[in-house]
Amino acid sequence: MKKARSINISSARLLAIVAAVAAVSACGGGGGGGGGVPAFPLLPVTEPAPPPAPAPAPAPVSDTSGPCFNEADFREGTLVAFEAVKPGVNPATPSFSRKAVIEAREAFGGANPIAVNVGSENFSYPQFQQSTVKKEYKDLVNGSFLLYGKSTTYKSKIDPSMAPSLPAGYALEQVNTVSQTFTPPFAFPVDMAPGQVVSQQSTAAKTSVLNGRSNGATVSLPARGELTYHGREQLETPLGTFNTCKLSLKITVGASVIVKEATREFWLAAEGPYRGQLLKGGDSKSSMLVTKMIYLPK
1 MKKARSINIS SARLLAIVAA VAAVSACGGG GGGGGGVPAF PLLPVTEPAP PPAPAPAPAP
61 VSDTSGPCFN EADFREGTLV AFEAVKPGVN PATPSFSRKA VIEAREAFGG ANPIAVNVGS
121 ENFSYPQFQQ STVKKEYKDL VNGSFLLYGK STTYKSKIDP SMAPSLPAGY ALEQVNTVSQ
181 TFTPPFAFPV DMAPGQVVSQ QSTAAKTSVL NGRSNGATVS LPARGELTYH GREQLETPLG
241 TFNTCKLSLK ITVGASVIVK EATREFWLAA EGPYRGQLLK GGDSKSSMLV TKMIYLPK
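Structural data, given as structure tokens:
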């Protein structure tokens with residue numbers, strides 16, 4: 001009795017398995033013929049997603065001197081004015097002030113450089129008038145800035161009523177220009193690496209011209225310019241804290257025992273609204289710090 005029941009249960013399970021196999025064969029399809037092993041559907045194998053590409057490394061921050069020079073400083077109409085104090089001096093009483101206006105190109109030293117008006121003054125008296133204009137000459141050519149020299153022009157006018165007291169032939173109106181010219185102009189690269197030193201030989205000529213004619217002999221002496229880029233420095237000023245380029249310029253004029261040497265240090269802003277402007281400067285013993293600035297670039 002028990003044996004028959006066991007056989008019936010086994011037969012039922014067998015029929016269930018056969019039915020399942022038939023159903024799968026009908027869904028998946030055969031291999032083209034009749035019998036054989038039923039074809040089970042193949043599930044696609046999912047490849048794992050590749051890991052994301054690493055983010056590119058940030059570009060290194062340039063520490064060259066290039067960002068500390070501003071092309072606007074070579075465009076006509078740009079204005080920069082500032083006040084500076086010596087260390088330990090009350091900022092309310094500036095030790096030095098300068099106003100520079102970029103003017104049009106002007107004939108100077110056999111070339112046509114950019115003229116920078118760095119000082120204009122007018123004096124007026126009852127019988128005498130005089131104006132003084134100081135200019136510097138520079139240019140930006142093929143990634144280098146050029147220094148041509150400087151000049152001071154004095155224009156005077158005397159009232160005709162003073163003529164009887166003047167020497168015979170003395171002009172009532174006079175224009176006297178005293179200039180220092182570098183030939184060839186000093187040329188230094190704008191973009192320098194920290195520690196880089198660039199030297200150049202030139203000739204410094206001092207001339208005086210009165211009413212269009214030479215007023216004395218021209219004095220020419222050998223000259224040498226040496227520009228050193230020391231690298232970047234953080235500088236705290238009354239205008240804020242800036243990343244700056246520190247440079248020093250040494251100009252030597254003369255030969256043998258008659259030599260005049262001047263070295264100036266400069267901290268130029270590498271960023272911000274005053275980029276390219278002098279924030280601190282002077283000789284190696286005492287550098288003045290800028291406290292106020294007006295910069296209107298073109």
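Residue numbers (my numbering): 1 to 298.
We put the beta carbon where it would ideally sit given N, CA and C, even for glycine.
* Asked: Per DSSP, L279 forms a beta bridge with which residues?
  -> Reading the sequence shown from its first residue, position 279 is the one you call residue 279. Secondary-structure assignment with DSSP links L279 through no beta bridge to anything.
* Asked: Considering only the beta carbon of each residue, do A100 and E106 sit closer than 7 Å?
  -> Numbered from 1 along the sequence shown, position 100 holds the residue referred to as residue 100. Numbered from 1 along the sequence shown, position 106 holds the residue referred to as residue 106. Cβ atoms of A100 and E106: not closer than 7 Å.
* **Alpha-carbon to alpha-carbon, I158 and T228** => Within the sequence shown, the letter at position 228 stands for residue 228. Within the sequence shown, the letter at position 158 stands for residue 158. Going by the C-alpha atoms only, they are around 48 Å apart.
* **Chain-order list of residues whose beta-carbon lies under 8 Å from that of S286 (same chain, five-residue window excluded)** => What you label residue 286 is simply residue 286 of the sequence shown in a count that begins at 1. Hits under 8 Å: K86 and P87.
* Own chain residues within Cβ distance below 7 Å of S144, not counting five before or after -> Residue 144 sits at position 144 when you count from the first residue of the sequence shown. Here the set comprises A187, F188, P189 and V190.
* **Segment contact flag, the segment 217–235 with the segment 244–259, C-beta cutoff 8 Å, min 3 pairs** => Yes: at least three Cβ pairs fall under 8 Å.
* To do: For A81, write down the residues that DSSP places opposite it in a beta bridge.
  => Locating residue 81 in the sequence shown gives position 81, where the first residue counts as 1. Paired residue(s): K99 and I294.
* Asked: Quick one, are the C-beta atoms of A205 and T177 less than 7 Å apart?
  -> The count along the sequence shown starts at 1 and reaches residue 205 at position 205. The count along the sequence shown starts at 1 and reaches residue 177 at position 177. It is not a contact, given that the beta carbons lie outside the stated cut-off.
* **Opening and closing residue of the beta strand (DSSP E) in which S256 lies** => Counting from one through the sequence shown, the residue named residue 256 turns up at place 256. S256 -> no beta strand (DSSP E), and no H or E assigned at all.
* Helix, strand or coil at G143 [DSSP, three-state] -> Against the sequence shown, residue 143 aligns to sequence position 143. If DSSP states are grouped into helix, strand and coil, G143 belongs with coil.
* Whose CA, out of S179, T237, L147 and S165, lies closest to the CA of Q201? -> The sequence position of residue 201 within the sequence shown is 201, counting from 1. Answer by Cα proximity: L147.
* To do: Measure the C-alpha to C-alpha separation of P273 and P164 and round it to an integer number of angstroms.
  => Within the sequence shown, the letter at position 273 stands for residue 273. Within the sequence shown, the letter at position 164 stands for residue 164. Whole-angstrom Cα-Cα distance: 57 Å.
* Asked: Based on Cα-Cα distance, which residue from Q129, T153, P185 and P194 lies nearest to L172?
  -> Locating residue 172 in the sequence shown gives position 172, counting from the first residue. Scanning Q129, T153, P185 and P194 for the CA closest to the CA of L172 turns up Q129.
* **Touch test, the segment 62–70 against the segment 190–199, Cβ-Cβ under 8 Å, three pairs minimum** => yes
* Starting from F108, follow the beta strand (DSSP E) in both directions and report where the run begins and ends. => The residue labelled residue 108 in the question sits at position 108 within the sequence shown. It is not in any beta strand (DSSP E) - F108 carries neither H nor E in the DSSP assignment.
* **Distance between S179 and S214 (C-alpha atoms, nearest Å)** => One-based indexing of the sequence shown puts residue 214 at position 214. One-based indexing of the sequence shown puts residue 179 at position 179. Their backbone Cα atoms lie some 11 Å apart in a straight line.
* Under 6 Å Cβ to Cβ from N219, same chain only, skipping five residues before and after it: list those, please. => In the sequence shown, residue 219 corresponds to position 219, counting from 1. Contrary to the premise, residue 219 reads as Val rather than Asn in this sequence. The answer, listed in chain order, is K206.
* Asked: Which residue's Cα is closest to the Cα of K306: Y154, Q127 and G231?
  -> The structure shown does not extend to residue 306, since the chain spans only 1 to 298, so no value can be given for it.
* What are the boundary residues of the beta strand (DSSP E) that includes N117? -> Taking the first residue of the sequence shown as 1, we reach residue 117 at position 117. Counted as a single uninterrupted DSSP element, the beta strand (DSSP E) harbouring N117 occupies residues I114 to Y125.
* To do: Answer with buried or exposed for Y137, where buried requires no fewer than 16 other C-beta atoms within 10 angstroms of its C-beta.
  => Taking the first residue of the sequence shown as position 1, residue 137 is located at position 137. Per the 10 Å Cβ criterion, buried.
* Own chain, CB closer than 7 Å to N336, minus 5 neighbours either side, in chain order -> Summary: the structure shown does not reach residue 336, with the chain confined to residues 1 through 298, and so no result is reported for it.
* Kindly identify the DSSP beta-bridge partner or partners of V219. => Translated into positions along the sequence shown, residue 219 becomes position 219. Its beta-bridge partners are K206.
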